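Each number in the working numbering corresponds to the 1-based position in the sequence shown with 802 added. The C-beta atom is built at its ideal place from N, Cα and C for all residues, glycine as well. Only a predicted model underlies this, so the values are computations on that prediction, with no experimental measurement involved.
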Amino acid sequence: MSGKRLYLNACEFPMLSDRIITKLKQNMKHLSMNASKFYRSLFQGLCLLMIMLIAGSCHKIKDYLEPEVKITTIAKGFALPIGVEADQYGRIWVAEMGTGQNDGKVSVVTKDGKKHTVYTGFDSFKIDNGEIEGPGHLLISNGVLYIVGSHSKLYKANPSSYQTGDAPKDASTLQYENIGAFILDYDFKYKIYETHAYGIVAGDGGNIYLTDAASNAIIRRAGNGVLSVLYEFAPITNPTPVGPPQIHQVPTSLYYDGQHLLITTLTGFPFPQGKATLYKLTTGGALSVYQPGFTTLVDIVEGGRKGKLVMEHGQFGQMGFVPNSGRLIWANGNSIKELTGGLNKPAGLKQVNDHTWYVTSTGDGSLLKVTYD
803 MSGKRLYLNA
813 CEFPMLSDRI
823 ITKLKQNMKH
833 LSMNASKFYR
843 SLFQGLCLLM
853 IMLIAGSCHK
863 IKDYLEPEVK
873 ITTIAKGFAL
883 PIGVEADQYG
893 RIWVAEMGTG
903 QNDGKVSVVT
913 KDGKKHTVYT
923 GFDSFKIDNG
933 EIEGPGHLLI
943 SNGVLYIVGS
953 HSKLYKANPS
963 SYQTGDAPKD
973 ASTLQYENIG
983 AFILDYDFKY
993 KIYETHAYGI
1003 VAGDGGNIYL
1013 TDAASNAIIR
1023 RAGNGVLSVL
1033 YEFAPITNPT
1043 PVGPPQIHQV
1053 PTSLYYDGQH
1063 LLITTLTGFP
1073 FPQGKATLYK
1083 LTTGGALSVY
1093 QPGFTTLVDI
1103 VEGGRKGKLV
1113 MEHGQFGQMG
1123 FVPNSGRLIW
1133 ANGNSIKELT
1143 GGLNKPAGLK
1153 QVNDHTWYVT
1163 STGDGSLLKV
1173 TYD
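Here it is, written out as structure tokens:
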């Protein structure tokens, strides 16, 4: 550890480079008084080459060394936080599903780590299995904050209008589009007759794509507001003796790479280990497997040179989802490598640069910051 830190200090602080250059200049001055012009030129060339090699090797060795992962709790006290988004002012927006008493919220965390409620009163209710449904994921695109609410309502707000200290506004003051009405009226191949819009991402040409975690479909909202179904996921065979013979492939989140959509899925009960798949979908609706072998995938972001970064909610045990079994994983289409584990039922993931991410933890009711450098 000490050797790594010593090397990184030598690479990253210009102080050392200044000392090297000063020493070289002293040597060249001494040499100028005691050697021929030829040797002075040769020595100067070697000195220049050495400086170039030192500068270049810093980046290569830093690439070789494994960065350290650090997880910091930024804010607490959220009621089932799901969606997480960042705005141009460095504020972090969080959607809270609430407690089932029509108390869903959207809050913002400012740079000082303080949590502020911005919008409240979103529909929040318990469904038949006792789970709570409320606001899901968030998206800021072209100056608009999109909030995926329960009953598949797509709310729209202006994030720039909020100033720290403003009184919370009720969700009823926001405009919304009724995505749910379109989905319930659509003639799907697999008749589920339910809707739960959940994930959201911006595409090109003003298109917005959403996952519906009840009808197991990908919905496209064109720039003019016209809705269409891009893809419907078929159920798969349950590989375990527990539960129904077939289980759902539930699409949870999307990432748009400029040409394709990468879609995370979460298999239905009993949430078998290693059976969740990361898919690639063209904007024309052609589906292919990007990478199999995951468990309860819930979100995906751009990641870095090791691949896309995906998030698993956790392992399912006899008493439900096992606490602190969620993790972040590099997915490059071939191999699976864990970035970090020990996350307590994580739900939302936001990348702000190639070594910093924000994570919502439903198990802890907290917002986490993950750094990798």
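Contact check, residue i vs residue j, beta carbons under 7 Å
i: Pro1074; j: Ile1065; result: no
i: Glu935; j: Ser952; result: yes
i: Ile894; j: Tyr1160; result: yes
i: Arg1022; j: Asn1009; result: yes
i: Tyr921; j: Lys955; result: no
i: His1062; j: Lys1082; result: yes
i: Lys1077; j: Thr1069; result: yes
i: Gly885; j: Lys913; result: no
Residues near residue i by beta carbon distance below 7 Å, same chain, minus five either side
i: Ala1133; result: Leu1080, Gln1093, Gly1109, Lys1110 and Val1112
i: Gln1174; result: Correcting the residue identity first, residue 1174 is Tyr in this sequence and not Gln. So the list reads Pro869, Val871, Leu1141 and His1157, once near-sequence residues are dropped.
i: Thr1042; result: Pro1072 and Pro1074
i: Glu1034; result: Phe990, Lys991, Tyr992, Asn1018 and Ala1019
i: Ala1015; result: His998, Tyr1000, Val1052, Pro1053 and Thr1054
i: Lys928; result: Gly902 and Ile934
i: Ala877; result: Val911, Gly915, Lys917, Ser1168 and Leu1169
i: Val1044; result: Pro1072
Where the beta strand (DSSP E) containing residue i begins and where it ends
i: Ile942; result: Leu940 to Ser943
i: Met1113; result: Gly1109 to Glu1114
i: Gln1051; result: Gln1051 to Tyr1058
i: Glu898; result: Ile894 to Glu898
i: His1062; result: His1062 to Thr1069
i: Val1100; result: Leu1099 to Gly1106
i: Thr874; result: Val871 to Ala877
i: Val1124; result: Careful: Val1124 lies outside any beta strand (DSSP E) and carries neither H nor E.
i: Tyr1011; result: Ile1010 to Asp1014
i: Tyr921; result: Lys917 to Phe924
i: Glu1140; result: Ile1138 to Leu1145
i: Tyr891; result: No beta strand (DSSP E) holds Tyr891; DSSP gives it neither H nor E.
Coarse secondary structure for residue i, derived from DSSP in three states
i: Leu882; result: coil
i: Asp987; result: helix
i: Thr1042; result: coil
i: Gly1167; result: coil
i: Thr975; result: helix
i: Gly1086; result: coil
i: Gly763; result: The structure shown does not extend to residue 763, since the chain spans only 803 to 1175, so no value can be given for it.
i: His1157; result: coil
i: Ser962; result: helix
i: Lys993; result: coil
i: Gly902; result: coil
i: His953; result: helix
i: Ile929; result: coil
i: Gly1076; result: coil
i: Gly1095; result: strand
i: Leu808; result: Residue confidence for Leu808 is low, a pLDDT of 31 falling below 50, so the modelled location carries little weight; the figure read from the coordinates is stated next. If DSSP states are grouped into helix, strand and coil, Leu808 belongs with the helices.
i: Gly967; result: coil
Residues near residue i by beta carbon distance below 6 Å, same chain, minus five either side
i: Leu986; result: Thr997
i: Ser1055; result: Gly1001, Thr1066, Asp1101 and Ile1102
i: Asn1126; result: Gly1144 and Asn1146
Other residues of its chain near residue i: CB distance less than 8 Å, five sequence neighbours each side excluded
i: Ile942; result: Glu887, Ala888, Asp889, Trp895, Tyr948 and Pro961
i: Val1154; result: Ala888 and Tyr1160
i: Ile1138; result: Gln1093, Gly1095, Phe1096, Ile1131 and Trp1132
Rounded Cβ spacing between residue i and residue j (contact assumed at less than 8 Å)
i: Pro1037; j: Tyr992; result: 7 Å
i: Leu1099; j: Phe880; result: About 22 Å; that fails the 8 Å criterion.
i: Val950; j: Lys958; result: Not really, about 11 Å apart at Cβ, beyond 8 Å.
i: Ser974; j: Gly923; result: 6 Å
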